[in-house]
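Under the numbering used here, the first residue of the sequence shown is numbered 138, with each subsequent residue one higher.
Ideal Cβ positions, reconstructed from N, Cα and C, are used throughout, including at glycine.
These numbers were taken from a predicted model, which means no experiment stands behind them.
Written out below as structure tokens is the structure these notes cover.
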Amino acid sequence: GERLINMIHRDDLVGIIMAALKNGRPGEIYNAVDDEPVAQIHFFRWLSETLGKWMPPFAAEAQAGDHKRGLTNKRVSNRKLKMELGYQFKHSTFRQGYTAEITRLEREGKMDINLEAR
Numbered sequence: 138g139e140r141l142i143n144m145i146h147r148d149d150l151v152g153i154i155m156a157a158l159k160n161g162r163p164g165e166i167y168n169a170v171d172d173e174p175v176a177q178i179h180f181f182r183w184l185s186e187t188l189g190k191w192m193p194p195f196a197a198e199a200q201a202g203d204h205k206r207g208l209t210n211k212r213v214s215n216r217k218l219k220m221e222l223g224y225q226f227k228h229s230t231f232r233q234g235y236t237a238e239i240t241r242l243e244r245e246g247k248m249d250i251n252l253e254a255r
């Protein structure tokens with residue numbers, strides 16, 4: 138549960154791809170992640186509290202050899218894409234991105250959670 142995960146909102150991912158196509162240097166790698174890596178347990182706790190749902194207990198993590206790519210615990214930086222591409226995030230943290238999506242789903246009647254009441 139303490140492993141870091143790096144997230145990105147789909148709108149920012151599309152924006153970064155467009156910025157890289159327009160302003161990126163050929164052959165360069167740009168890490169498309171938001172500004173806030175988060176431990177899995179902290180993300181799931183936040184989501185559980187935000188949605189007002191019970192969070193089931195965490196299962197023991199598998200061994201790295203159980204996964205094709207292994208388990209990672211990396212803090213990935215987006216500094217290069219901000220500096221070189223000048224990209225401005227619409228949702229710079231997972232909280233902003235998820236809150237926007239939950240609000241959209243509520244507005245569309247696809248989710249019954251009142252974030253304003255929290």
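For G138, which residues from the same chain have a beta carbon less than 6 Å from its beta carbon, with the 5 sequence-adjacent residues on both sides left out? Q177, I178, F195
When the Cα atoms are used, what is the spatial distance from L184 to N210? 20 Å
From this set, E173, D249, G223, which residue's C-alpha is nearest M155's C-alpha? G223
Using a Cβ-Cβ cutoff of less than 6 Å, which residues in the same chain neighbour N215 once the five nearest sequence positions on both sides are dropped? N168, V170
For V151, report the span of its alpha helix (DSSP H) as first-last. 147-160
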